[in-house]
Each structure stands twice: as structure tokens, then as C-alpha cells.
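Residue numbers (our numbering): 45 to 230.
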Amino acid sequence: MERLGLFVIASVVVLGTVFTLEKAILPGQVAYAQPQDAWLLVSIPPLADIQLKDGSSITGRVKSLTATNMSVEFGGTSAVVPLETVSKIKFRSDKPVVQGSSTLAIRGGALLSNTTGARVWQNVPRNGFRFKDQSKGLAEVNLTTVLKPSEFRGVKAVAQTSPYLIDEISFTTNQIMNVRAVPTAP
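Next comes the structure, spelled out in C-alpha cells:
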């Protein structure tokens, strides 16, 4: 009887895990086995040029980004922009960016011309991006469904000495985005 109870508990735990995993994966994506969720800490420049699908654009500071909309601060005002209207976000290369916990780096010039190691992570779910510390320009990208474990370890190893800086986010469908990141010079 005790074994049956243990089996039922184990089954519930396994089924609960599978259900959670299913909700995080979109059709056409593969869940690579990671030791844990593959969230990578990245830097975000403070200013961005936001291209809208109607051809217009906004320049401002991206304050938040969710699976459905983004909050942008510009000209002393703030606006919520639905992501279904956004084509891409191109981050400015001429402003200071905080790296890691406190080091300040200037992105631009030589740093931008050196795009060695630039990565485009395709098919990132929209819920796979979150701000970690918005005041320092730190965010995280979930690469669980994008990279194999060995690829993620390689990206994480590069990020230890050259943190990735988000250069551009483009929106391909209602649920998917591509993220272009460049490792910064140490």
C-alpha cells in the first residue's frame, strides 16, 4: 500500500512537470534537455529605435517587454505599444551600457565594428524575454527551446568574459521573435 501511494505521488509530480513543459513550448519548437531553464543574462542599451509595421517609428527607452506589449518612454511621456504592431526594435549603439554588476562600457565605435561572435537566436518565444534589472539595462533571454545544451554551454562560456549585448529584436509571428546579440569586448 505504501508503494502505491509513493507511485501516485511520483506520477503527479511527473505529470505536473510535463504539463508545465508543454505550456512553455510553442508548436514547431523543440525542448532541449537543459539542467535548468536556459536563461542567459544580457545587457540592453538604454535607447532604441522601434519600427512599426505601418512604416512609422518611435525612438525611446524600452521600459518593459511582455509577450503581448511593450512600454516605451519618449519625449517625457510613456506609451504601451502592442507587439502585434511592432516589426523590430533596434537598440542604439552610442549610449553607455552597464555590464555585469557595475562595470560601465561604451558600446559603439570599435565595439560595434567587431561583430565577431554575433549571434541570432531564432524562434525565441515572446515570453522568453524578461528584464532582470531595468535600471541597469540587464535582461534575460530564455534559450531553452533555441539551443542544444552543448550550444548553450558555449554561449554561457563566452558570456562569462564578454557579456552579450542585445542589438536587435525582430518579431516574426505573434508568438515568436528573433534576437540578435553581440558579445562585448572585455
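Glycine is no exception: its CB is placed at the ideal position from the N, C-alpha and C atoms.
Please state whether DSSP places residue i in a helix, a strand or coil.
i      : result
Pro207 : coil
Lys180 : helix
Leu156 : With a pLDDT of only 46 at Leu156, under the threshold of 50, the placement of this residue in the model should not be trusted, and no figure is reported.
Leu148 : Here the model assigns Leu148 a pLDDT of 44, short of 50, so the residue's position is not dependable and the matter cannot be decided.
Met229 : First, the amino acid is wrong: residue 229 is Ala here, not Met. In the structure shown, Ala229 sits in coil (DSSP, three-state: anything other than H, G, I, E or B).
Ser137 : coil
Thr112 : coil
Lys200 : helix
What is the C-beta distance between residue i and residue j, in whole angstroms, given that I count them as a contact (C-beta under 8 Å)?
i      : j      : result
Thr81  : Thr228 : Here residue 81 is Asp; the residue named in the question, Thr, does not match the sequence. Asp81 to Thr228, Cβ: 24 Å. No contact.
Ile213 : Lys107 : With 8 Å as the limit, Ile213 and Lys107 do not qualify as a contact, their Cβ atoms being about 15 Å apart.
Leu127 : Phe215 : 6 Å
Ile210 : Val223 : 6 Å
Can you check DSSP and say which residues form a bridge with residue i?
i      : result
Phe215 : Met221
Leu187 : BP columns for Leu187 are empty, so no partner.
Gly104 : Ala92
Arg163 : Ala225
Phe118 : Thr121
Lys132 : Gln95 and Ser214
Leu84  : Val185
Arg174 : Glu184
- Message: Can you confirm whether the stretch 86-101 touches the stretch 165-172 when touching is taken to mean that 3 or more C-beta pairs between the two stretches lie within less than 8 Å?
- Response: no
Decide yes or no for the touch test of the stretch 81-93 against the stretch 173-183: beta carbon pairs closer than 8 Å, at least 3 of them. yes
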